[in-house]
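Chemist:
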Amino acid sequence: MDQEFLNTLFQDSIKFAVLLSAPCLLSALFSGILINIFQTSVQINEQTLSFIPKIISVIISCIFFGPWMLQLTLTYIKNIFHIISTVN
């Protein structure tokens, strides 16, 4: 294992973490923005109103993107196990 190999492995793990968390985080972001725009337009200043729609949107996105996230995780784990088996 040289430095370049470890850098590539680290970059792949960061890319994997970003790809795995992106659907849930983006759905929470967009639902929060939409709810805040609605709250601003009707002049509601309640901070707790945005939590339930955010939770619902995250659950829906996890259900919708779950198979893709599982496939991504399995591919990453297979690659890691292959790398472990090739280490001297």
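If you want our numbering, it's the 1-based position in the sequence shown plus 1393. Just so you know, even glycine gets a beta-carbon here, dropped at the ideal spot from N, CA and C.
Expressed to the nearest angstrom, what Euclidean distance is found between the alpha-carbon atoms of Tyr1469 and Glu1439?
Modeler: 42 Å
Chemist: Look at the Cβ atom of Ile1428, then the Cβ atom of Pro1416, and state whether they are nearer than 8 Å.
Modeler: no
Chemist: Mind checking which residues open and close the alpha helix (DSSP H) that includes Asp1395?
Modeler: Here Asp1395 belongs to no alpha helix (DSSP H), and DSSP marks it neither H nor E.
Chemist: Classify Asn1472 as helix, strand or coil using the three-state DSSP reduction.
Modeler: Annotated three-state conformation of Asn1472 is helix, per DSSP.
Chemist: Count the other CB atoms, across all protein chains shown, that sit within 10 Å of the CB of Ser1420; report buried if there are 16 or more and exposed otherwise.
Modeler: buried
Chemist: Taking only three categories from DSSP, how would you classify Asn1438?
Modeler: coil
Chemist: Could you check the C-alpha separation between Ser1454 and Thr1466 for me, to the nearest Å?
Modeler: 17 Å
Chemist: Indicate whether Gly1425 and Ser1443 have their beta-carbon atoms separated by less than 8 Å.
Modeler: yes
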